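Below is one structure, written out as structure tokens; comments come after it.
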């Protein structure tokens, strides 16, 4: 039986009732890290406006009772997600975030394995923070972003058939203190002479409501810092609901000469409102993705950057009415 108001993650292109599609395997966080939210070093950031759901403590008992208790907790969680989702979809002022505490191991494993559509996870060994983005608008932007990013790669001479890069969707990555899911991600295939190890994406795309701006900035820092500089670019798409527009921001690490090199810098900021595109930061109305940052290798002679054009941006950010 389906869960109310929640679609499975294979349905993020905007089609209702689509069957689940395969996504990259999650990188499961280790449970023995013993990290608590009180740690001053932890980068598990909880937004001030996040709603909280504390599940009841369950004692070990028979398998049958444990299964029943897990089902009760699961339904409680889905009702809370659906409540927040309905508020977002009716444009009521609300948070996108739900902090779940006191999870059983069974429910935690369930959330990791089931890939709930319209939800992204940040988690450590004790807590899970859900970013809820249930509307068709979110799903369509994710789907279009994947399509047009692939198209931009092909125009730059990096077709998917070249087997030089891979779209890795919402694949979970484990950082030093917690794990996180992007909305869209891309991993370049290692060059034969490359010394890069691991499959952290070089580009991450995050999509959400403009009200979550301060949390977005912390997400940017998380990806750049925890990837050990393998994630080079973060593209933010911030949806403003009334009136509708989308701010597109491209972030990267600061220069090495910067006294705080881990502080992200904004390279470009563009507002897409109906068919009008305005530059808020930078001179170009196209989004330019640096080849060396995306592919993690020296630029071949004559190689152009990957460009998400104004035409592509209009399609990606088109309002669903």
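Residue numbers (my numbering): 7 to 327.
A virtual CB, placed ideally from N, CA and C, is assigned to each residue, including glycine.
The structure presented is a predicted model; accordingly, all values stated were derived computationally and were not measured.
First and last residue of the uninterrupted alpha helix (DSSP H) at residue i
i           : result
residue 152 : 142-161
residue 72  : 69-95
residue 255 : Element bounds for residue 255: not the alpha helix (DSSP H) but the beta strand (DSSP E), 251-259.
residue 287 : Residue 287 -> not in any alpha helix (DSSP H); beta strand (DSSP E) instead, spanning 282-287.
residue 300 : 297-301
Paired residues, beta bridge with residue i - DSSP
i           : result
residue 137 : 103, 126
residue 228 : Per DSSP, none; premise fails for residue 228.
residue 132 : Looking at the DSSP assignment, residue 132 forms no beta bridge with any residue, so it has no partner.
residue 186 : 128, 179
residue 270 : 259
Limits of the unbroken beta strand (DSSP E) element including residue i
i           : result
residue 206 : That residue, residue 206, is in no beta strand (DSSP E); it is neither H nor E in DSSP.
residue 57  : 57-60
residue 312 : 312-314
residue 245 : 239-246
residue 172 : 171-173
DSSP-derived helix/strand/coil call for residue i
i           : result
residue 117 : helix
residue 277 : strand
residue 191 : strand
residue 213 : strand
residue 52  : coil
residue 235 : coil
Cα-Cα separation between residue i and residue j, rounded to whole angstroms
i           : j           : result
residue 228 : residue 65  : 35 Å
residue 184 : residue 50  : 6 Å
residue 58  : residue 311 : 43 Å
residue 233 : residue 176 : 15 Å
residue 214 : residue 109 : 26 Å
residue 81  : residue 112 : 14 Å
residue 221 : residue 55  : 10 Å
residue 164 : residue 270 : 27 Å
residue 87  : residue 104 : 8 Å
residue 325 : residue 69  : 48 Å
residue 53  : residue 299 : 30 Å
Is the number of C-beta pairs between the region 277-285 and the region 248-258 that are closer than 8 Å three or more?
yes
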